[in-house]
Amino acid sequence: MPPPFFHVLSLTSEARNSYGLQLQDYRKYRHYCGRKGAALRKSLQVKSRDAKRLLITADKVIQDKRFLEIVLLDAERCWAYAMDLKPVVERPSRVVRKLQKAVYHAKHLKELVEQCFSDDISVIQVSAYLLDFSAQHKSVKGSLEDSLREFSNCRNILVALDKLESCENVKSMISMLEPNIRYCAYVLGLPSRDISGIAEHFGIEDKDVVCRIDRLDPRVLEPLDESEMIASVSEITWRGKTVQVDNADVGMTLARVQKAQYEVECMEPLGPKARAQAFDGLLLALSEAQDAVQRAVEEEERSLQNEEKIQRLQIALTYTSYYGISKRIERDLLLVEDLLTSPTRRTQRTQRKVVKLYETIISSIEQCDLLPGVAGDFSLAGVLEGKTICAAIARSYDAPATRREALALFERAKQYLCQAKERYSAFMGSTDPILKHNTDMEGAETKICGEAARMRALLVLEESSGGEVEAPLYDRLGVYPKDINESRLVLLEPKIEPIPMKPIFLDIALNFIQYEGDKGDTERERGLFGSLWGRH
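Quick note: the sequence shown uses this note's numbering, first residue 4, plus one each step.
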């Protein structure tokens, strides 16, 4: 009976992240694939001399799934070898040969999966896996047009997979493909910013994959009605200013943002971790919208025909950039909430993650100051969101060794809250996605004051219970002891202190010193009789 599924992307992603590729160590990953393959061959009683000639058929895969893993490991090993050689060798012929072997094993893997598995997801994943290796092979050979077509096909399949079942492995592979698509488009003289537009131009050429996707969900590959999508986003409002969206590409990307926002809102009943993962699609759509608006601005600036249109596009660019930063902050806050409610929230590793996330949030807020048109308007939002974060960072310092730092941060947070309350009245009732996190200013002030008082009390108790540290006994020999404390006779570990000693080479130097009282003996007469009578 064949196993129910074989999800290639999850297996390869887990292995790559665990064995070296997080640090781009392809050699370590290649050695892991070689050892793992040798262990599987040994357990399946495949002799080493027959290993290269071993023909794995569908019958053997049905008997034992590990035969299929051998083919996958062979493909991964050849690919890792090629990636390890790529920055070293001058001529790419060796890299091409290794990638050609990887493509061969990937084709064999796809044939076996199609014969042994009825799961459509497994076949779709292995098709994308094969297209990725084949596109890399053609890119190294120099066939950039074919490489761009296959990279785009692979991305379209992965986007469809992500719509069918949202998975972190699929999203990470999509992000890995985009630099390759952008490079091929740049070399071929195509606009390299609109990755989605380039990929959608090629579509999915494998009809079997299209049929399997339609079988799972016919709506995934339905063409979008551009007129309806553009009409749904005909205008945007930014800080009280409403501007018309008359660029088709900008309207399309903003419609995708609207759709992704709806999907995020549908995840609201779930936990913070699942909601944070749902933000990945929204952030990707916002990045594409920002690129589309930037392209439209550059085209209009080159033509210099309509200043009013350029101004509208600048407002749209600020809107998309600000909205993307605010959603990134919202995602990071959900990740913080998930960490602070986890069972390991008191561990040092979790606390470091929380501090790291807050640092990311603060850096995101600082990026908003660089956006055009928000330098004066956004300063209060920075105070309300960024400064109050001192309180949360202070809670991460709630440990006996760092309570002084925590108290200082709480006091600084109280000062920022007082400044924010004075200026918050002008923004009451705002629907701003960043300002909405700070509506309960009174509750935040009460909580911060309570935490500061608790930290101050703990510090006072520590200082009062500790007392003054006595000096060791050998430093108090001239003082009459009031009470005998045999536990402080000497200081361990002893401190390194200077001691009196004679300088080095002093005896040798003294031999060369001549004093005034020292006079050499006068030369006396010498002779036979003088030496006999003791005269020198």
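For glycine and all other residues, C-beta sits at the position ideal for the given N, C-alpha and C.
Should residue i go down as buried or exposed, given a rule of 16 or more other Cβ atoms within 10 Å for buried?
i	result
ARG218	exposed
GLY284	buried
ALA514	The question names Ala, but residue 514 is Asn in the sequence shown. It is exposed - the Cβ of ASN514 has fewer than 16 other Cβ atoms within 10 Å.
TYR518	exposed
VAL64	buried
GLY192	exposed
LYS359	exposed
ASN156	buried
PHE508	exposed
LEU115	buried
VAL129	buried
THR15	buried
LEU133	buried
Could you say which of the options lies nearest to residue i if we only look at CA atoms?
i	options	result
CYS214	GLY192, GLN261, ASP135 and ALA163	ALA163
ALA131	LYS330, SER146 and VAL173	VAL173
ASP135	LEU151, GLY200, GLY254 and GLU303	LEU151
ASP122	CYS36, ILE216 and TYR477	ILE216
ASN250	LYS244, ALA288 and GLU303	GLU303
LEU75	LYS101, ILE160, PRO90 and ALA105	ALA105
CYS81	LYS210, LEU58, GLY40 and LEU286	GLY40
VAL99	LYS113, LEU112, HIS111 and ALA83	ALA83
GLU168	HIS10, ALA85 and LEU461	HIS10
ARG406	SER367, ALA456, THR449 and LEU257	ALA456
HIS108	GLN25, SER13 and ILE59	ILE59
ARG44	TYR29, GLU72 and ARG33	GLU72
GLN354	ILE365, SER366, ILE368 and LEU338	LEU338
ALA460	PRO90, SER125 and LEU410	LEU410
VAL253	LEU224, GLU93, ASP294 and PRO475	ASP294
LYS498	LEU360, ASP478, LEU509 and VAL482	ASP478
LYS89	GLN280, ARG30, TYR483 and LEU343	ARG30
SER142	LEU161, GLY37, ILE124 and ALA188	ALA188
GLN280	LEU336, LEU257 and GLY481	LEU336
VAL190	CYS170, GLY145, ALA138 and ILE318	GLY145
PHE70	PRO95, SER96, ALA42 and ARG94	ALA42
LEU492	PHE413, LEU47, ALA474 and GLU500	ALA474
GLN264	SER306, MET458 and GLU333	GLU333
THR321	LEU373, SER367 and GLU310	LEU373
GLU369	LYS166, GLU311, TYR325 and LEU133	TYR325
CYS36	SER21, VAL212 and ILE184	SER21
Rounding to the nearest angstrom, what Cα-Cα distance links residue i and residue j in this structure?
i	j	result
THR240	ASP220	35 Å
LYS330	VAL296	18 Å
THR350	VAL248	49 Å
GLY2	LEU289	Because residue 2 is not part of the residues shown, which for the chain are 4 to 539, the question remains open.
GLU208	TYR186	22 Å
ALA3	ASP67	Here the chain comprises residues numbered 4 to 539, so residue 3 is not present and cannot be evaluated.
GLU362	CYS452	23 Å
VAL300	ALA292	12 Å
LYS276	THR323	25 Å
GLN418	SER178	42 Å
VAL386	THR245	With a pLDDT of 48 at VAL386, under the threshold of 50, the predicted position of this residue should be treated as unreliable, though the coordinate-derived value follows. Rounded to the nearest angstrom, the two C-alpha atoms are 26 Å apart.
LYS356	CYS421	28 Å
PRO506	GLN27	56 Å
ALA512	MET504	16 Å
GLU79	GLU203	28 Å
LEU286	GLU454	35 Å
LEU12	CYS119	18 Å
PRO346	PHE154	42 Å
ILE127	ASP62	22 Å
MET86	GLU266	37 Å
TYR483	SER490	17 Å
ASN159	GLY206	6 Å
LEU102	ARG33	13 Å
ILE318	LEU257	14 Å
Name, in chain order, the residues that DSSP records as bridge partners for residue i.
i	result
GLN247	GLU238
What are the boundary residues of the alpha helix (DSSP H) that residue i is part of?
i	result
LEU112	96-119
PRO506	It is not in any alpha helix (DSSP H) - PRO506 carries neither H nor E in the DSSP assignment.
THR353	351-371
VAL162	147-167
GLN314	310-343
LEU14	11-21
ALA85	69-88
GLU181	171-190
ASP28	Premise fails: ASP28 is in no alpha helix (DSSP H) and is neither H nor E.
LEU219	210-219
ALA138	123-144
ALA202	198-205
GLN61	Residue identity check: residue 61 is Ala in the sequence provided, not Gln. From DSSP, the alpha helix (DSSP H) with ALA61 extends over 61-66.
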